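Peer 1: Quick one: the structure is below, and I'll ask about it shortly.
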Amino acid sequence: MAGEQGGSSGSSPAATPIAGSGTAGEEDGGYDSKCVFCRITHGVETGTELLPCEYEDLVCFRDIRPGAPHHYLVVPKNHIGNCKTLKSEHIPLLERMIAVGRAILQWSKCTDLDDIRMGFHWPPFCSISHLHLHVLAPASHLGFLSRMIYRINSYWFITAEQLMERLKAESTTS
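In the working numbering, the protein residues as written are 982 to 1155.
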């Protein structure tokens, strides 16, 4: 699931990020030329419209197979395998990804921020092995197939909140 071409009116603020950078432990993999998300985040795949993002280490774009009226992906520029590889030191990255997801929904005029779903596909159910947060809204408008693919408490999808709890629990036990 990569980005989709989209027409926009005006220039995208994502072309000139406002502020922010990764912290130690988040630059796990750098750039992988074989990874479509690495190519998108580094501007090699030019057909994907990057949406406004306030952090230099993240990008946001539309999912090419939207599961809801608003379906965005928040992706770190540095190649990080998937959500299962995250450790407690990645909590700040996850918090920024969630903040970008909420901000993009506000930017896109999504009115009910309580009717959203944010999460990750749990390996081995990842189509692209580069960390990416799915941001879907309104969750109440997910179609039958999307309700299955982005199902809460399933073997293949973990919400951002569940992942955050997992990482925080790991940090208290280590």
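Ideal placement from N, C-alpha and C gives every residue a C-beta, glycine not left out.
These numbers were taken from a predicted model, which means no experiment stands behind them.
If I'm right that I1097 touches L1117 with Cβ under 8 Å, what's the distance once you round it to whole angstroms?
Peer 2: 7 Å
Peer 1: Give the range of the beta strand (DSSP E) segment to which T1140 is assigned.
Peer 2: 1138-1140
Peer 1: Apart from the five residues just before and just after W1088, which ones in its own chain have a Cβ nearer than 6 Å to its Cβ?
Peer 2: P1033
Peer 1: Please work out which residues of its chain come closer than 8 Å, Cβ to Cβ, to S1121, disregarding the five sequence neighbours upstream and downstream, and give them in chain order.
Peer 2: D1096
Peer 1: Just list the beta strand (DSSP E) runs in the segment 1083-1132, keeping only unbroken ones of 3 residues or longer that don't cross its boundaries, in chain order.
Peer 2: 1098-1102, 1114-1118
Peer 1: Given that a residue counts as buried once 16 or more other Cβ atoms are within 10 Å of its Cβ, and exposed if not, what is H1052?
Peer 2: buried
Peer 1: Any chance the segment 1038-1047 sits against the segment 1142-1153, with 3 or more Cβ pairs inside 8 Å?
Peer 2: These segments do not touch.
Peer 1: Would you report the Cα separation of C1019 and P1057, rounded to the nearest angstrom?
Peer 2: 9 Å
Peer 1: Where does G988 land, buried or exposed, given buried means 16+ other C-beta within 10 angstroms?
Peer 2: Because the pLDDT at G988 is just 35, under 50, the model does not fix this residue reliably, and the point stays unresolved.
Peer 1: When DSSP labels each residue in this structure, what does L1144 get in the three-state scheme?
Peer 2: helix
Peer 1: Rounded to the nearest angstrom, what separates L1112 and V1040 at their Cα positions?
Peer 2: 12 Å
Peer 1: Exposed or buried, which one is H1023 when buried takes at least 16 other CB atoms within 10 Å?
Peer 2: exposed
Peer 1: Measuring alpha carbon to alpha carbon, tell me which residue in E1030, L1067, F1042, R1043 is nearest A1150.
Peer 2: L1067
Peer 1: Applying the 10 Å Cβ sphere with the 16-neighbour rule, what's the burial state of V1025?
Peer 2: Answer is exposed; the Cβ neighbour count stays below 16.
Peer 1: Pull up the distance between the alpha-carbon of E1146 and that of V1081, whole angstroms please.
Peer 2: 19 Å
Peer 1: Under 8 Å by Cβ, that's how I've got S1115 and F1101 pegged, so tell me the actual separation to the nearest angstrom.
Peer 2: Sequence inspection shows His at residue 1115; the Ser mentioned does not correspond to that position. Sure, about 7 Å apart at Cβ, within 8 Å.
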